Amino acid sequence: MTPKQILLNYLTSPLTQNRLPQAVIAELQIICRNENAPLDPLMLGTVFQKTLHPEKRHQEGVHYTQRHEIELIIDSVLMEPLLHEWDMVKAEAMSLLRVGQASSLSTTNRQDAYATLKAFADKIAATRVLDPACGSGNFLYIALQRLLDLQKEVMTFAERYGLPAIPLTVSPHQLHGMEINVYAHELAQVTVWIGYIQWRYENGLEKLPDPILRPLDTIKRMDAILGYDEQGNPIEPEWVAAEVIMGNPPFLGRQRMRSALGNKYCHDLLKVYKQRINGMPDLVCYWFDKAQVMLANGQAKTVGLLATQAIRGGTNRQVLERIVKDNRIFMAWSDREWLLAGATVHISLIGFDNGMERKVRLNGQEVAYINADLTTGADLIVAKKLTENSKLSFQGLILRGKFNLDAKTAMLMLNAKNCSGLHNQAVIKRHAIARDITGRMTHDYVIDFGLDMPETEAQKYELPYQYVKTHVYPTRQQVQQKTNQELWWLHGGPTRAMRQAIKPLKRYIATPRVGKHRLFVWLGADILPDTALVVFARADDYFFGVLHSTWHELWARRMGTQLRDAVSGFRYTSTTTFQTFPFPYPPGHEPSEMDSPIVKRIADYARQLVQFRNDWLNPNTADIDETVIKKRTLTNLYNALSYYREVRPGHENAWPGRLFFSLADIETLDWIHTQLDHAVLDAYGWGHDLSEAQILEHLLALNLARAKI
């Protein structure tokens with residue numbers, strides 16, 4: 007029977023009716039009965055995926071890997087060492103056969119050659135592959151094809167030289183998998199068997215013992231990362247030993263894990279893995295952790311897993327840091343686009359082992375080593391927080407409630423009189439959000455009763471208090487934190503240190519916590535910053551200039567966490583990003599502008615930058631249309647600067663936003679930033695011809711030296 011006939015018999019069997027969704031059975035039957043439709047075992051997973059509701063797929067993190075990504079992992083993790091060994095085996099066998107032709111020991115040499123080939127063929131058949139999140143079996147299917155192809159090469163080689171036949175011994179039973187979904191578990195077995203049968207059919211080896219589609223007990227229906235003992239206590243499941251672990255675990259971010267998996271499941275995960283994992287990273291990290299333990303225990307030799315690119319930073323990165331510390335990442339694609347459910351996501355492919363001899367490749371290029379953040383060169387992960395940078399950078403207000411006011415409502419309250427005689431100006435403040443920096447200033451306000459104003463005092467500000475009572479009180483009574491329930495008229499987050507730090511200043515520096523470009527602006531002391539901003543308690547132009555240098559942005563991008571993709575931006579934090587950055591002089595110990603020409607030069611270019619941007623954002627002319635003015639934002643300005651630096655002049659007609667800036671504008675901005683960058687390098691005492699990689703190495707060395715002081 008052909009593979010299609012075998013699959014059709016399986017689909018029409020009464021036993022199958024309860025093993026797969028009817029929609030899957032029906033669609034696969036149509037394919038099997040269509041003589042012109044190709045039979046690709048990978049389509050079984052595609053058909054199954056289509057039967058799941060999109061919200062169900064997203065909730066569980068279910069996704070099916072594209073062939074190209076599967077092959078990138080399998081070829082690097084599974085096949086590269088085997089193919090390298092095959093080259094050596096062929097060379098040894100050829101040498102024995104050639105020597106045998108000119109020697110009286112030809113029979114012995116031929117026997118030795120056969121033994122060498124047979125031993126390698128047996129090794130291929132003994133290579134166990136484990137996919138601990140196998141879904142419908144796509145990784146296992148392609149791995150089986152590769153192993154079958156390689157063993158056939160050995161068989162053909164022996165036949166070509168008249169050696170005894172080497173039997174085909176690669177089989178589905180050397181494939182191991184784990185899958186929790188009942189239908190996917192069934193489909194994985196069918197995918198592997200159909201792929202095996204089809205390969206044999208296409209290679210003239212179609213004779214198979216009955217029954218053909220037998221249960222494949224090496225593929226277990228189980229949760230790969232969490233189990234329970236007989237008493238119901240959460241335990242860590244055991245994985246079968248295998249030479250190679252590979253797969254594509256679920257994409258489920260930690261923000262959605264509790265709603266998708268339940269509080270109990272998440273609590274049990276934390277309990278089981280608390281000795282190895284801090285906090286709760288994305289779900290995929292637990293597969294990386296367990297695979298690393300398998301390597302450490304000698305139960306696996308090499309691992310290849312796929313994750314979202316978010317694994318490179320934040321809480322997620324701890325699993326890669328342990329891998330780099332105890333083992334080695336030998337292959338990585340740090341940021342690849344991947345179409346998932348009609349949307350482009352960004353993924354990382356990561357291969358790691360215990361240090362066997364093989365080339366190390368990052369994004370397809372050979373490198374000396376790969377860091378835990380999937381970079382090469384200076385390993386900024388080892389950078390330390392610097393005491394000298396403490397108490398300078400803070401997160402903005404954490405409101406936890408609708409304290410915000412639009413300008414119209416704020417004006418009504420500011421003009422209203424209170425029976426107490428108090429003026430509402432004391433509790434209604436200007437409020438800056440991230441969009442005020444990246445876009446145009448919105449002139450919003452916020453009700454602020456300070457850090458510890460009693461409710462009796464807040465009631466004296468009648469309209470503001472009533473507004474908060476109406477819009478904030480109901481939601482604050484639903485929160486779990488008792489303090490936020492009881493002190494509902496006050497903002498929810500602790501910002502005392504931030505308020506005290508900026509209080510004596512006439513202005514302070516702010517940047518969005520998340521942004522495509524790392525933009526810094528001045529905010530007046532009368533403006534309260536939103537939680538989406540990071541603020542710096544400094545009022546001098548020198549400090550502003552260093553922050554806005556390319557070198558600080560370079561450091562920040564490497565130390566921050568990238569979002570879904572590079573275009574979406576990255577996170578800037580007061581801790582890992584700012585507190586690790588080594589300034590040319592320790593903050594608070596830099597010379598004044600009067601005492602240092604270098605410091606003065608940085609400050610001068612910082613002032614030029616601010617003046618140029620303010621003039622561009624708010625041109626003093628009636629010739630510019632209001633719609634064009636609205637498009638004048640720092641995001642658009644720096645989009646144009648990035649385009650200019652990549653493409654250079656001559657193609658400005660194709661530039662985004664060309665209607666609201668001129669080439670002269672961008673050339674001026676580029677010149678100011680270049681001069682600022684050179685001045686900052688001079689302050690460090692470094693040459694202007696250093697590469698970005700060299701500057702990062704210098705910054706890391708300075709960070710580590712300062713940390714020891």
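Residues 7 to 715 (this note's numbering) make up the sequence shown, in order. C-beta atoms are modelled at their ideal positions from N, C-alpha and C, and glycine is treated no differently. Because the structure is a prediction, the values reported are computed rather than measured.
- [ ] Report, in whole angstroms, the separation of the C-beta atoms of V485 and F409, which I expect to be a contact under 8 Å.
- [x] 15 Å between Cβ atoms; not a contact.
- [ ] Determine the closest residue to N333 out of G304, T314, I317, with distance taken between C-alpha atoms.
- [x] A check of alpha carbon separations from N333 across G304, T314, I317 identifies G304 as the nearest.
Task: Whole runs of the beta strand (DSSP E) within the segment 397-483, excluding any shorter than 3 residues - done: 399-401, 434-438, 450-453
Task: G551: first and last residue of the uninterrupted alpha helix (DSSP H) it sits in - done: 547-553
Task: Beta-carbon gap between S396 and N369 smaller than 9 Å - done: no
TODO: Could you tell me which residues DSSP pairs with E185 in its beta bridges?
DONE: R227
Task: Nearest-angstrom beta carbon gap, W622 and R607 [assumed within contact, 8 Å] - done: R607 to W622, Cβ: 23 Å. No contact.
Open item on the list: Going by C-alpha to C-alpha distance, which of Q401, N430, H429, R436 sits closest to A413?
Closed with: Taking only the C-alpha atoms, the option nearest A413 is R436.
Open item on the list: Below 8 Å on the Cβ atoms is my contact criterion, and I expect K391 with S426 to pass it. Report the Cβ-Cβ distance as a whole number of Å.
Closed with: At roughly 46 Å, the Cβ-Cβ gap does not stay under 8 Å, so K391 and S426 are not in contact.
Task: N115 versus L156: straight-line alpha-carbon distance, rounded - done: 23 Å
TODO: Have a look at L560, Q585, M565 and flag the residue whose alpha-carbon is nearest the alpha-carbon of V541.
DONE: Q585
- [ ] Would you check whether the ligand FAD has a heavy atom nearer than 8 Å to the C-beta of K475?
- [x] With respect to the ligand FAD, the structure offers nothing, as it holds no ligand at all.
Open item on the list: Quick check: what's the CA-CA separation for A316 versus W293?
Closed with: Taking the straight line joining both Cα atoms gives about 15 Å.
TODO: Between the Cα of L326 and those of A378, I283, Q371, L275, spot the shortest distance and give me the residue it belongs to.
DONE: The shortest C-alpha to C-alpha distance from L326 to any of A378, I283, Q371, L275 is the one to A378.
Open item on the list: For the alpha helix (DSSP H) containing D676, name the first residue and the last one.
Closed with: 669-690
Open item on the list: On the CB-based measure, 16 or more other CB atoms within 10 Å of its CB, does E343 come out buried or exposed?
Closed with: exposed
- [ ] Report yes if the CB atom of A297 is closer than 9 Å to the CB atom of I251, and no otherwise.
- [x] yes
TODO: Within the segment 93-139, note down every full alpha helix (DSSP H) run reaching 4 residues or more, in order along the chain.
DONE: 112-132
- [ ] Check whether the Cβ atoms of H523 and T641 sit closer than 9 Å, and answer yes or no.
- [x] yes
Task: Closest residue to P535 among V373, A516, G143, L102 (Cα-Cα distance) - done: A516
- [ ] Using beta-carbon positions only, say whether K512 and G530 come within less than 9 Å of one another.
- [x] One thing to note: K512 has its Cβ within 9 Å of the Cβ of G530.
TODO: Put G320 into one of helix, strand or coil per three-state DSSP.
DONE: helix
Open item on the list: DSSP three-state label for K62, please.
Closed with: Here the model assigns K62 a pLDDT of 47, short of 50, so the residue's position is not dependable and the matter cannot be decided.
Open item on the list: Helix, strand or coil, according to DSSP, for V68 in the structure here?
Closed with: Its pLDDT being 46, under 50, V68 is placed unreliably in this model, and the coordinates cannot settle the point.
- [ ] Taking A230 and P287 to be in contact with their CB atoms under 8 Å, please state how far apart those CB atoms are, rounded to whole angstroms.
- [x] Rounded, the Cβ-Cβ distance is 16 Å, inconsistent with contact.
TODO: If I'm right that Y120 touches L169 with Cβ under 8 Å, what's the distance once you round it to whole angstroms?
DONE: Going by Cβ atoms, the distance from Y120 to L169 rounds to 5 Å, so yes, they are a contact pair.
Task: Spatial neighbours of R328 in its chain, beta-carbon cut-off 8 Å, leaving aside the 5 residues before and after - done: R282, D295, Q298
Open item on the list: Would the segment 255-273 count as touching the segment 83-91 if we require 3 or more Cβ pairs under 8 Å?
Closed with: no
- [ ] Let me know the secondary structure DSSP gives Q719 once reduced to three states.
- [x] Given that the chain is displayed from residue 7 to residue 715, the structure contains no residue 719 and the question cannot be resolved.
Task: T415 versus Y578 - alpha carbon distance - done: 32 Å
Task: Closest Cα partner of G78 within the set K96, R152, A97, I241 - done: A small fix is needed here, since residue 78 is Leu in this sequence, not Gly. It is R152 whose Cα lies nearest to the Cα of L78.
Task: Simplified DSSP assignment, three categories, for D385 - done: coil
- [ ] Could you give the DSSP three-state label for K10: helix, strand or coil?
- [x] Of the three classes helix, strand and coil, the one that applies to K10 here is helix, per DSSP.
Task: Simplified DSSP assignment, three categories, for Y167 - done: Looking at Y167 - three-state DSSP - the assignment turns out to be coil, as it is neither helix nor strand.
Task: Buried or exposed by the 16-neighbour rule on C-beta atoms within 10 Å, applied to K62 - done: Its pLDDT being 47, under 50, K62 is placed unreliably by the model, and the measurement read from it follows with that caveat. Result: exposed.
Task: Cβ contact check for the segment 189-197 and the segment 231-239: 3 or more pairs under 8 Å - done: no
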